[in-house]
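Structure first, then comments.
In the numbering used here, the protein residues as written are 1 to 270.
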């Protein structure tokens with residue numbers, strides 16, 4: 001299909017909701033049948049939403065979550081073929097992911113991530129880009145990129161290391177194993193871990209407290225903290241984009257993605 005033909009293809013629906021509740025904006029990823037996996041169109045629309053907060057001074061806090069069980073299992077590989085038919089390139093996908101993470105970090109109000117179930121793949125970067133991360137005790141983080149021939153993206157290389165240090169970041173990225181909520185909290189990746197049935201109430205209390213605070217002071221505090229801990233985020237995003245763009249076009253990724261979708265073990269080349 002030529003680029004001209006692909007322009008006639010309708011974009012997929014952006015699977016998320018953004019509902020303003022007083023001074024709180026509730027942003028929810030809504031693709032539960034795919035464990036809240038995120039397509040290119042959802043990345044773009046979520047980025048637009050977070051950027052718009054800078055122009056809406058009535059918003060004082062953002063709660064970011066996933067619908068019905070999981071926070072997000074990362075990129076929606078089931079949408080890859082349709083995106084390619086529309087002419088969406090790996091460069092564009094990486095730009096959309098980086099733009100979203102940067103928009104969350106730069107949001108002028110505190111962003112509170114509510115993590116349930118899995119936060120995996122780019123979902124890790126999206127969750128950890130938030131200022132406060134509250135998690136259910138049965139949730140986990142997973143940088144499984146290596147298992148399908150890819151590398152971490154979504155700023156994970158910076159966001160994990162900034163909170164937990166290089167050894168844990170390397171373990172998560174190179175081994176591709178789950179990090180349970182309790183261990184993530186101990187390492188400094190989560191603000192708090194609570195029983196699943198107490199998580200909503202805890203997040204609501206925090207969001208209400210933040211929303212009642214002084215917006216400009218909160219914004220400047222965020223900026224100073226991020227300058228101190230995430231000063232190299234842009235460089236990391238650029239390195240992730242360069243590496244991931246290469247890997248997304250590699251035979252190892254084709255094998256890894258096919259193996260995952262067909263539920264078999266991948267066999268990577270030499």
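Backbone N, C-alpha and C fix where the C-beta goes; we use that ideal spot for every residue, glycine too.
In terms of CA proximity to residue 269, 255 leads the group 255, 162, 130 and 27. Here residue 206 really is in contact with residue 132; their C-beta atoms are around 6 Å apart, less than 8 Å. Secondary structure in the region 151-202: the alpha helix (DSSP H) runs of 4 residues or longer, each lying completely within the stretch, are 156-164, 166-175 and 181-186 in chain order. Around the Cβ of residue 152, a 10 Å sphere holds 16 or more other Cβ atoms; the residue is buried. 8 Å or more divides the Cβ of residue 188 from the Cβ of residue 212.
If you check the CB distance, residue 60 and residue 39 do not come in under 8 Å. Residue burial annotation: residue 195 is exposed, with fewer than 16 other C-beta atoms found within 10 angstroms of its C-beta.
When secondary structure is reduced to three states using DSSP, residue 20 falls in the strand class.
Following the DSSP letters along the chain, one finds residue 122 in no beta strand (DSSP E) but inside the alpha helix (DSSP H) bounded by residues 122-128. Approximately 6 Å separates the beta-carbon atoms of residue 72 and residue 126; this is inside 8 Å, confirming the contact. Secondary structure at residue 86: coil, using DSSP grouped into helix, strand and coil. Bounds of any alpha helix (DSSP H) do not take in residue 53, whose DSSP letter is neither H nor E. For the 8 Å CB-CB criterion, residue 262 and residue 199 do not form a contact.
Taking 8 Å as the cut-off, the Cβ atoms of residue 96 and residue 43 count as close. Residue 253 is positioned such that its CB atom lies closer than 8 Å to that of residue 150.
Residue pairing of residue 66 in beta bridges, as defined by DSSP: 29. Residue 62 and residue 109 have their alpha carbons spaced roughly 7 Å apart.
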